[in-house]
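Student: Following this message is one structure expressed as structure tokens.
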Amino acid sequence: MKHEDSTQKKVEYVEIRRLNFNNDLKEYTVITTTKGIKDLYMKLSDSKYSRSAPIPVLEEGEYFLVLKPKLKKIKNGDIEIEKLETSRSTLNIFYQEIENQEYADKNQSDPILILKIIDHPKKIKLTII
């Protein structure tokens with residue numbers, strides 16, 4: 293009998309930015325450098341606005357995780373993180389799709405969520421619940 297639950301550890305994170313933007317990002321992207329987050333923010337900047345969003349800073353023992361899962365249940369929805377936990381060398385991300393009236397009104401279906409993870413990068417597994 294496996295006791296896998298005993299090896300799972302909750303992971304601390306901070307939501308940095310939430311947006312809806314159609315681009316070529318993968319389902320998830322790990323960013324471990326300041327240059328990496330600057331490059332991402334340049335890619336996500338919207339020319340309609342004169343000011344761009346402030347670029348967050350990385351501290352020792354942290355990394356950014358950019359999530360852009362394909363929506364399966366709610367066409368013009370958003371995503372909400374339920375929990376993050378590590379199990380051995382894998383970071384398990386449990387999320388659900390939620391209604392977002394603003395995205396529905398604008399017919400947007402590409403939610404992006406940028407998280408700052410207080411840990412070291414691991415293999416990533418996204419699970420919709």
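Quick note: to get this note's numbering, add 292 to the position in the sequence shown (first position is 1). From the three backbone atoms N, C-alpha and C, an ideal C-beta is built for every residue, glycine too. All values derive from a computational prediction rather than experimental measurement.
(1) Give the C-beta separation of Ile409 and Tyr387 to the nearest angstrom, bearing in mind that I take them to be a contact with Cβ-Cβ under 8 Å.
(2) Return the chain-ordered list of same chain residues with a C-beta closer than 6 Å to the C-beta of Leu383, the five sequence neighbours on each side being excluded.
(3) With the cut-off set at 9 Å, would you say Leu357 and Thr321 are in Cβ contact?
(4) What is the rounded straight-line gap between the Cα of Ala396 and the Cα of Asn368?
(5) Which of helix, strand or coil does DSSP assign to Gln400?
(6) By the DSSP assignment, the beta strand (DSSP E) with Thr419 in it spans what residues?
(7) Taking C-alpha atoms, which residue in Asn399, Phe313, Tyr305 lies nearest to Glu351?
(8) May I ask you to check if the CB of Tyr387 is nearer than 8 Å to at least one heavy atom of the ligand GTP?
(9) Less than 8 Å between the CB atoms is what I'm expecting for Asn392 and Asp370, so what's the real figure, rounded?
Tutor: Walking through what the data contain:
(1) Locating residue 409 in the sequence shown gives position 117, where the first residue counts as 1. Locating residue 387 in the sequence shown gives position 95, where the first residue counts as 1. Contact doesn't hold; Cβ gap of about 14 Å is too wide.
(2) Indexing the sequence shown from 1 puts residue 383 at position 91. Only Lys414, Ile416 meet the Cβ criterion.
(3) Against the sequence shown, residue 357 aligns to sequence position 65. Against the sequence shown, residue 321 aligns to sequence position 29. Yes.
(4) Against the sequence shown, residue 396 aligns to sequence position 104. Against the sequence shown, residue 368 aligns to sequence position 76. Using only the alpha carbons, I get a separation of about 5 Å.
(5) Working through the sequence shown from its first residue, we reach residue 400 at position 108. Looking at Gln400 - three-state DSSP - the assignment turns out to be coil, as it is neither helix nor strand.
(6) As a working mapping, residue 419 is identified with position 127 in the sequence shown. Start and end: 415-420.
(7) Locating residue 351 in the sequence shown gives position 59, counting from the first residue. Ranking the options by Cα distance to Glu351, first place goes to Tyr305.
(8) Of the ligands one can find in the structure shown there are none, so the ligand GTP has no counterpart to examine.
(9) If you number the sequence shown from 1, residue 392 lands on position 100. If you number the sequence shown from 1, residue 370 lands on position 78. Right, their Cβ atoms sit about 4 Å apart.
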